[in-house]
Amino acid sequence: MTSHPAALPISSGVDRVPAPPEHAVHTRDGAHSVAAAVANDELRLRYQPIVRIKDRAVVAVEALVRWQHPTLGLLTPDRFFHAAHQSGHMPLLDQWVLQHACEDMIELRGSLKGAAPIRVNVNISVPTLTTDLTELVTTTLKRTGLPARRLRLELNEGADLDTLTRAGPHLETLTHSGIEVALDDMGAGATDLRYLSHLAPRDIKIDKLFVAGMLISPRDHAIVTLLTDLARRLRLRVAAEGVETAEQLAALARIGVSYAQGYHLAPPLTLTDLTSTLSKGHSS
Numbered sequence: 001m002t003s004h005p006a007a008l009p010i011s012s013g014v015d016r017v018p019a020p021p022e023h024a025v026h027t028r029d030g031a032h033s034v035a036a037a038v039a040n041d042e043l044r045l046r047y048q049p050i051v052r053i054k055d056r057a058v059v060a061v062e063a064l065v066r067w068q069h070p071t072l073g074l075l076t077p078d079r080f081f082h083a084a085h086q087s088g089h090m091p092l093l094d095q096w097v098l099q100h101a102c103e104d105m106i107e108l109r110g111s112l113k114g115a116a117p118i119r120v121n122v123n124i125s126v127p128t129l130t131t132d133l134t135e136l137v138t139t140t141l142k143r144t145g146l147p148a149r150r151l152r153l154e155l156n157e158g159a160d161l162d163t164l165t166r167a168g169p170h171l172e173t174l175t176h177s178g179i180e181v182a183l184d185d186m187g188a189g190a191t192d193l194r195y196l197s198h199l200a201p202r203d204i205k206i207d208k209l210f211v212a213g214m215l216i217s218p219r220d221h222a223i224v225t226l227l228t229d230l231a232r233r234l235r236l237r238v239a240a241e242g243v244e245t246a247e248q249l250a251a252l253a254r255i256g257v258s259y260a261q262g263y264h265l266a267p268p269l270t271l272t273d274l275t276s277t278l279s280k281g282h283s284s
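First residue of the sequence shown? That's 1 in full-length UniProt numbering, and the numbers climb one at a time after it.
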């Protein structure tokens, strides 16, 4: 019997008020550094589904890290990524996310026997691009047993040309093994076209700022249309992130965007909730 991706019911959304800046973790807070969070098992993963718009089938999930801080509660990345960058701990954080995301996907696959397998998108920061990325990824896949074709690396705009040049051979090796590369936040930076040239991604994700403004700003609508057309010409898949309303989803479908991610479709979920959601979609 052929398995099909689980269809996703529309989410009612959850509270996502941004944290006040004064509650951010600072680099000077050595006792509660990201390294300590890893050592003390304080990090958590959430998974936000990425769906195919035409049938709402879940084709992938993005792994999103959270920090269960001992005094500040559950922190989203905007409250500790700056400290991680400043302290040089981003490679450690990326390594933790990659390892645990791969382990979770193996567990998910075991819980959803007969369901179509999905990819997991893992974000790779600029500092990690300067390390031996091939060794990190291949070792992690071998250790966890996750097939390479079930992993997609999301690269965020921000690296300089030298970093891109050095990372290129690693990414080429990884893509030849079956791993996919996606360019995140497309349109948000000034060097996106340079990324497309040097990194040869398989997917692009349109930045949520343009998705948020596309129904009220002709300029934002034109940018989304332009990026979608560019992706089509380059034979890339295109996804939109930050989809908050049915109207945005419908507009994206009309433009020709094939995939979407956002609170209108589903919030970031624990592995338990993701398993339950996909089980219901698979059985329906």
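The beta-carbon is built from N, C-alpha and C at its ideal position, and this holds for glycine as well.
Keep in mind that this is a model prediction, so the values were computed, not measured.
_beta strand (DSSP E) runs contained entirely in the region 187-251, provided each spans 3 or more residues_ = 203-206, 237-240
*Which partner residues does Pro91 have in the DSSP bridge list?*
As a first step, residue 91 must be located in the sequence shown, where it is residue number 91. DSSP output for Pro91 lists no bridge partner at all.
*Return the Cβ separation of Leu141 and Leu151 in integer angstroms, given the expectation that the two are a contact with Cβ distance under 8 Å.*
Numbered from 1 along the sequence shown, position 141 holds the residue referred to as residue 141. Numbered from 1 along the sequence shown, position 151 holds the residue referred to as residue 151. Right, the Cβ-Cβ distance comes to about 7 Å (below 8 Å), so this counts as a contact.
*In three-state DSSP terms, what is Arg150?*
In the sequence shown, counting from the first residue as 1, residue 150 sits at position 150. Reduced to three states, the DSSP call for Arg150 is helix.
*From what residue to what residue does the beta strand (DSSP E) around Ala116 run?*
For the purposes of this step, residue 116 is taken as the residue at position 116 of the sequence shown. Element bounds for Ala116: n/a, residue is neither H nor E.
*Identify every residue that forms a DSSP beta bridge with Asn123.*
Position 123 of the sequence shown, counted from the first residue, corresponds to residue 123. DSSP lists Glu154 as partners of Asn123.
*Measure the C-alpha to C-alpha separation of Arg194 and Leu161 and round it to an integer number of angstroms.*
As a position in the sequence shown, residue 194 is number 194, starting the count at 1. As a position in the sequence shown, residue 161 is number 161, starting the count at 1. So the alpha carbons of these two residues sit roughly 8 Å apart.
*Put Gln261 into one of helix, strand or coil per three-state DSSP.*
Counted from its first residue, the sequence shown places residue 261 at position 261. In the structure shown, Gln261 sits in coil (DSSP, three-state: anything other than H, G, I, E or B).
*Distance between Ala246 and His264 (C-alpha atoms, nearest Å)*: Along the sequence shown, read from residue 1 onward, the residue named residue 264 stands at position 264. Along the sequence shown, read from residue 1 onward, the residue named residue 246 stands at position 246. Distance between the alpha carbons of His264 and Ala246 is about 7 Å.
*So the beta strand (DSSP E) Gly73 belongs to, where does it begin and stop?*
Counted from its first residue, the sequence shown places residue 73 at position 73. 73-75 is the extent of the beta strand (DSSP E) around Gly73.
*asked:* If you measure between the beta carbons of Thr163 and Leu129, is that distance less than 8 Å?
replied: Translated into the one-based positions of the sequence shown, residue 163 becomes position 163. Translated into the one-based positions of the sequence shown, residue 129 becomes position 129. Cβ distance < 8 Å, so Thr163 and Leu129 count as in contact.
*Buried or exposed by the 16-neighbour rule on C-beta atoms within 10 Å, applied to Leu74*: Residue numbering aside, residue 74 sits at position 74 when the sequence shown is read from its first letter. The residue in question, Leu74, is exposed, as its Cβ has fewer than 16 Cβ neighbours within 10 Å.
_Can you look up Asp184 in the DSSP assignment and give me helix, strand or coil?_
As a working note, residue 184 is residue 184 in the sequence shown. Strand, per DSSP.
_Pairs of beta-carbons, one from the region 67-85 and one from the region 32-41, closer than 8 Å: are there three or more?_
yes
*Roughly how many whole angstroms lie between the Cα atoms of Trp96 and Arg202?*
By 1-based counting over the sequence shown, the position of residue 96 is 96. By 1-based counting over the sequence shown, the position of residue 202 is 202. C-alpha separation (whole angstroms): 24 Å.
*Selection from Ser177, Lys205, Leu269, Ser125 that minimises the alpha carbon distance to Ala167*: Taking the sequence shown and counting its residues from 1, the one referred to as residue 167 is at position 167. Closest option to Ala167, Cα to Cα, is Ser125.
_Opening and closing residue of the beta strand (DSSP E) in which Leu43 lies_ = For the purposes of this step, residue 43 is taken as residue 43 along the sequence shown, with counting starting at 1. 43-52 is the extent of the beta strand (DSSP E) around Leu43.
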